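Before any comments, here is the structure.
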Amino acid sequence: MRSTIFTEKVPGPWVLKPRSEASASGIKKFSSKDDLWAELESLGEERHLFLLESFKPGDVYHVDSLTFNKEIVFTSASKYLAPPMQVSHEGGVFRSKTLGRYSEEFKALDEVNAKVLSSFGLLNGATHTEFIRGKADGKWYFLETSSRVGGAHIPDLVEASSNINIWREWAKIEDALLRGKSYKASKPTGYYSGLIVALIKDKHPDYTAFESEEAVSFLPIDYHVGIVYKSTDPDIIQERLDSAAEKIQAEMLNILPPKSKLTS
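So the sequence shown is residues 2 to 265, counted in the working numbering.
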């Protein structure tokens with residue numbers, strides 16, 4: 002069995018994830034081989050629909066890009082303050098913030114993202130790619146990629162910082178390809194932005210206490226708080242995200258148990 006060979010070569014913990022899911026909710030983490038074998042056994046004939054990977058502790062980042070004729074024409078890089086896997090399994094408040102376009106982390110992510118997309122042979126379209134910066138060694142590790150726009154309202158985060166709507170630009174790329182025309186992305190603006198999304202108990206939240214100059218959008222999602230912040234100062238973005246998360250955690254948060262069985 003390949004999984005036996007893998008776990009002998011690669012020390013735990015490990016993660017078992019669906020090959021076709023777009024959400025982190027279907028992912029499970031294992032520290033014990035016995036627990037992993039039991040889960041694999043329960044999957045039966047559906048085992049091939051899942052992928053076994055090494056779990057790398059570290060900060061998780063996402064890079065959202067647009068590509069036209071093999072050339073990356075736009076890139077946005079952001080850092081999860083609460084990674085999707087953590088939120089989906091432990092509950093909590095999902096947060097992400099964009100990185101400065103001239104920062105060391107942005108430059109490094111721009112480079113590794115280009116290598117990943119080139120390796121996959123991407124020709125055109127939108128992509129959402131995730132990387133881990135290892136806690137132990139500071140190295141960048143490829144986590145996953147997809148030829149689609151990021152979920153969890155990440156396009157709203159990207160647009161707030163860059164004035165680039167990834168959905169709209171992707172449509173323009175497809176139109177240019179159909180008509181045999183050229184395409185050029187607009188120059189991104191240099192703002193910083195932050196995104197916070199959380200499951201709450203009420204269908205429609207009261208956003209009065211969250212209003213501020215930097216809060217540029219309150220997302221209309223039933224039973225969720227969703228706020229997009231925008232500023233020229235990254236420290237203010239961090240302060241707004243921290244303050245909102247603290248209030249949501251204390252007064253509004255609703256936590257549902259994770260799925261007991263993996264789904265593909």
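Cβ coordinates follow ideal geometry from the N, Cα and C atoms, glycine included.
Keep in mind that this is a model prediction, so the values were computed, not measured.
Judged by DSSP in its simplified three-state form, Glu-170 adopts helix. By the Cβ test, the region 157-171 is in contact with the region 61-72, since at least three Cβ pairs between them sit closer than 8 Å. By the criterion of at least three beta-carbon pairs nearer than 8 Å, the region 203-211 is not in contact with the region 134-145.
The region 149-165 makes contact with the region 119-131; the number of CB pairs closer than 8 Å reaches 3 or more. Leu-158 is the residue among Ser-43, Gln-87, Val-11 and Leu-158 whose C-alpha sits nearest the C-alpha of Thr-76. With a cutoff of 7 Å on beta-carbon distance, Ile-133 and Leu-123 are scored as not near each other. The beta carbon of Gln-250 sits closer than 7 Å to the beta carbons of Val-94 from its chain, once the five residues preceding and following it are set aside; these are given in chain order. The region 12-21 makes contact with the region 41-53: 3 or more CB pairs, one atom from each, lie closer than 8 Å.
Taking a C-beta distance under 7 Å as the contact criterion, Ala-186 and Lys-231 do not qualify as a contact pair. According to DSSP, residue pairing for Thr-99 in a beta bridge involves Ser-79. Trp-141 is bridged by DSSP to Arg-134. The Cβ atoms of Lys-30 and Pro-14 lie closer than 7 Å to each other. Boundaries for Ser-33: no alpha helix (DSSP H) harbours it, and the DSSP string shows neither H nor E there.
Annotated as distal: Gly-92 and Ile-222, with beta-carbon spacing of 7 Å or more. With a 10 Å radius around the Cβ and a threshold of 16 neighbouring Cβ atoms, Val-11 comes out exposed. For Pro-19, the three-state secondary structure derived from DSSP is strand. Burial check for Glu-215: the Cβ neighbour count within 10 Å reaches 16 or more, so the residue is buried. If you look at Lys-248, you'll find it in the alpha helix (DSSP H) that goes 235-252.
If you ignore the 5 residues before and after Lys-108, its C-beta comes within less than 6 Å of no other C-beta in its own chain.
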